[in-house]
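In our numbering, the protein residues as written are 3 to 1039. Below is one structure; the comments refer to it alone.
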Amino acid sequence: MAIDPTAGFIFFTKWGNNPAALERCLLDGSNRTKLVTHKIVYPNGVTLDLANKHVYWVDTYMDFIERVNYNGQNRWSIKKQSTDMTLIQSLHGITIFENVIYVTSWKNHTVIALDKFTTEARVLVANSSVPVSIHVFHRQRQPEVSHPCRERNGECQHLCIPLWKKNVATAQCLCAPGYRLKGRTQCVLVKFSSFLVYAREQPTMIKGIPMKKQSTIQDAIVPIANIEWPVNLDIGVKDQVIFFAHKDRKTHTFTIESQKIDGTQRKIIMENITSCNGIAYDWMGGNLFYTDSTFNLISVVKVADLPIAKTLIIDGIVHPDAIVVDPQRGMMYWTTWVVNGYIGSIQSAWMDGTHREVLVQSNLHWPTGLTIDYRGKKLYWCDPIMPLIERVDLDGKNRQLLYNGMAEHFYPHSMAFNGEMIFWTDNVQGNIRSLVLNGGDVQDSGEPLLFEKSLLGSMKIFDNSSQTGTNACTDNKNCPGVCLMTPQGSVCKCGDGFSLNASGTTCIPRENYVPPTDCSPGFFRCRYPQHLCIEERFLCDGDNDCADGSDEAVGIDGPCSAKEHCNVTAGYFQCDGNRCIHNSTVCDGIAHCIDASDEDTKLCPSIKCTDSQFQCKKSLRCIPNIWYCDQHADCGPGDTSDEPEDCAECVEYECHNKVCVSYEMLCDGFDNCGDNSDEKGCMKECQLGEIYCMPKGCLNESLICDGISDNKTIRPEVTCGRDELKCLNGIECYAKHLRCDSVYDCLDKSDELNCTTINRRPSFNETVKCEDPDRYCHRDNTCIRVEQLCNGAVDCSDGSDEGFRCSEKLCDYENECSHFCHNAPEGIVCSCPPHMFLSSNGHRCTMEHACEHWGTCSQICVQKDKKYMCQCHEGFMLQFDKFSCRSTNKDSPYVIFSNRQEIRGVDLKTLAVKNFYSALRNTIALDFYYGNDSVQIYWTDVIDDKIYRASLVGDSLTNVEAVVQSGLSTAEGLAVDWIGMNLYWVDSNLDQIEVSKVNGRFRRTLVAGDMESPRAIALDPRDGLLFWTDWDEVSPR
């Protein structure tokens, strides 16, 4: 925008949802006129040539510089020279002085000067980041003129607006919002007997408007500003005040304040409230009630010079929201929302927090906007999710639906009631609408009362005839705390941390008082969100368990100062620089530190495993007992002690690849072993002098009962690498530098035999912070720079920085790294500039940390500076590849599948294929239920058009029964809800999703319509989510 007070005009541009235009109006906002509406797209900057009375503007889309006169006539565009085409692009700001036009270019990051006559352009300022607004600062840009507004503000009490009538200067007085003009110059407060008070988000403020539609916007109060969203409010008619709670985005806490409707006497009532979802004012007792959805409580504060706060309800309440009080009857009412599996409800209690009762708890999602009809004895509320407006008697009876906004796409977010009309805000369109109550009929009043184009929040009706009457708490001066009214009389309550003395005259401090919002002993409260309490053992473990990372903060206010936590006496161990982990995780066989210093062999000479764990011989790692002899080496590189040669032999048939299968799978025409050894020699007949033995086949009769097992296979000795030595037992290898280091690395201790000198390992050092791509030496924990790798000098005492592939100098001819390449013993090491991160593939640098990419870790990725660390969910353990997570459950995993006529399973431990059930007709989909006592398999048959289930006992299915026997067309997808014990399936012919209990009862259609050919289905009842695919020919999804 630009203004010319010497002519009394405002010029402004607009574009967006409405057609773009250049417009003009008088300085008081009247006489709005469109000057340019044709061939104008994105008019950004606008400026005025005051001397010639021209309006200039730039169009960012068209890269035009144009002008018209003050009446919108004589349109002119500056002609760009061919040499300036690339220079004049993405223009944003414009100004003019004398014969030169100055513009800013976003694309070229320049300020450009153009001669408005010759159109020659030159760069005035280059490399100016993103230049936006621009002005010429000079006396002639604001010329002196004579006007009444320059003398004593034109006698106006508030604003003096320069106007010109027939070239004669006149002063127009205007008043601030909440005031009206009396006479020509005086401003007095607007006074309405009743009006609406509401909060809006952008810009955040509390405003008041008349309850009848006005031709022009008229404020009923002085707006309350300097607040932040979200805002909740209530009114105090007697003192002509508005109470409001708003959030401080810096501290993430709420403050409750009050201010008179004339804009004076703003006061802070209470600060540092974790959350405030709704407030209600008790005008008889002078108390303010509020709900807190963070700590799930309802509190009251006495509005006085020294406020007294009391927590009334804290147990058994989840996400309380809107609240109202009835001080005459001594009752309060509030709503709760659907959250984390809890249902929405409307509840009541006495105003002292006792005698709680649930009034409504069905078909509610986010009930809010709660308001009370004191005469009609009814509660009104709205629900933006449903989206409905309803009411009910104060005892929870006679629930009535008043309005459903679904058809018109209206979503009531807040509401107010004044006896004849219901006012409500639309959460999507940002306007205030109303409903007229005429007995039992409800009519929409039609046009909205107000268009705000902003999210509207809490809303109340300020009626000077309301909030009348008194009760026993009105003038009670005997209560030293908070006087609360109940249906049986008044109750005196002391504030939190205090209790009433025997005489009831004084509130005395309580000993060993723990505030209801404090954490229990042994827990730490996060700074944000404040309701989160974490166990102290999770402090300073390198993982941000608090959203703001306050559990890992260092310094004076942080819990992780080395003085307090990172020492033995405090029970913590320091690694990875200033990271602290609890001593309980040190020497547990799992590296919790990135530098693995918590599992150093010198520090951990005697790791003890639990009875349910097996201790590896070399790595000393503790693994679940069920991993022992499971044909999968879990102890780590060079350590196969969990898979010794004397593992229990196969009790049935052992395949050539050591897979164990049952005898019944021999010669059945299927490769159950994986190497087809169970199908070899099946048709061979034994020769004379031979006998057929299961499972080996034909054996010479002389081998029978000779005391030698002919099934036993001799395993070859282990083959060691070029930098390893073999132990004398022939089954173990150890690194060359571990020879004669006074530590036994072989089970037979042969690595320490015949030693003439002892090469002692360096002692454990205090952890040194080592930033990637620098690294720690393998054994002595010394940090070396990446430049020290493969430099021909041994910088690590164990020589781990040299040798291997250093001589190949791969960086000289390989270009795998996106930025920097370093030769290393293992080949190459890539690194990135300081502002970038190395991706999980170790080669490419990106602007995002590896943890932000899918697939970096198999389950949980924990960011540690530029590095990362993989972790596993409960029930899983991290493997030695530092990526994979393996289940610690003892049960064998199976892959179950159908080939239409059979249901089969593959044991993922033995790779044995088992036939669970056969003689099926056309099985398409299947799923399972894994119970504590039994396992059940469910499947669909599209020829029978039924859904079956059976119990898996051993390697076969028994007790087969049809749970859904009719009404199916083509059930091609099936899923079992193992929490709710429900069965879901998709029917691709009927185009619908159905659900029943797992026994087929209570069947109903769940989703129908807007699907062409649903096929597969999957669900996660832990999150309450259902997924399916659709083979729609036009839009498969």
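The beta carbon of each residue, even a glycine, is placed where N, CA and C say it ideally should be.
For residue 643, the three-state secondary structure derived from DSSP is coil. Contact between residue 789 and residue 807 fails: their C-beta atoms lie close to 17 Å from each other, not under 8 Å.
In this structure, DSSP gives residue 526 an extended state, which the three-state scheme calls strand. Counting the other Cβ atoms within 10 Å of the Cβ of residue 270 gives fewer than 16, which makes it exposed.
Between residue 858 and residue 751, the alpha-carbon positions lie close to 40 Å from each other. Taking C-beta atoms under 8 Å as the contact rule, residue 335 and residue 372 qualify, at a distance of about 6 Å.
Across the structure, residue 320 and residue 493 are spaced so that their CA atoms are roughly 26 Å apart. In the three-state reduction of the DSSP assignment, residue 829 falls in the strand class. Contact between residue 48 and residue 59 holds: CB atoms are separated by about 4 Å, below the 8 Å threshold. Residue 628 sits in a helix when the DSSP states are folded into three classes.
Residue 553 sits in a helix when the DSSP states are folded into three classes. Bridge pairing for residue 824: 831 [DSSP]. Distance check between residue 875 and each of 862, 867, 447 and 446 places 862 closest, using alpha-carbon atoms only.
Per DSSP, the continuous beta strand (DSSP E) segment holding residue 461 begins and ends at 458-465. The continuous beta strand (DSSP E) containing residue 728 extends over residues 726-728. A residue is called buried once 16 or more other Cβ atoms fall within 10 Å of its Cβ, and residue 248 is buried on that count. In the three-state reduction of the DSSP assignment, residue 321 falls in the coil class. Cβ-Cβ distances below 7 Å link residue 811 to 825 in the same chain, with the five nearest sequence neighbours on each side left out; the list follows chain order. In terms of Cβ geometry, residue 987 and residue 1015 do not form a close pair [threshold 7 Å].
Beta bridge pairing from DSSP links residue 248 with 233 and 257.
Assignment of beta strand (DSSP E) within the region 427-502, counting only whole runs of 3 or more residues, yields 433-440, 443-446, 458-465, 484-488, 491-495 and 500-502 in chain order.
Beyond the five residues adjoining it in sequence on each side, residue 471 comes within less than 6 Å, by CB distance, of 330 in the same chain, given in chain order. Beta-carbon to beta-carbon, residue 941 and residue 900 are separated by about 7 Å, close enough to satisfy the 8 Å threshold.
Burial of residue 292 is indicated by the presence of at least 16 other C-beta atoms within 10 angstroms of its C-beta. Contact between residue 466 and residue 195 is confirmed by a C-beta separation of about 5 Å, below the 8 Å threshold.
The C-beta distance from residue 596 to residue 871 rounds to 6 Å, short enough to meet the 8 Å contact threshold. Remark: fewer than three beta-carbon pairs, one from each stretch, lie closer than 8 Å, so the region 508-517 and the region 377-388 are not flagged as touching. Residue 56 is bridged by DSSP to 51 and 71. In the three-state DSSP reduction, residue 882 falls in the coil class, being neither helix nor strand. In the structure shown, residue 984 adopts extended strand secondary structure according to DSSP, grouped into three states.
The beta-carbon distance between residue 405 and residue 437, rounded to whole angstroms, is 6 Å. This is short enough to meet the 8 Å contact definition. When rounded, the separation of the alpha-carbon atoms in residue 730 and residue 641 is 16 Å. Distance from the CA of residue 778 to the CA of residue 64, rounded to the nearest whole angstrom, comes to 58 Å.
Take the alpha-carbon of residue 931 and the one of residue 328: they are about 52 Å apart.
Put simply, of 242, 251, 534 and 68 the residue whose alpha carbon is nearest the alpha carbon of residue 264 is 242.
Within the region 774-798, no run of beta strand (DSSP E) at least 3 residues long lies entirely inside it.
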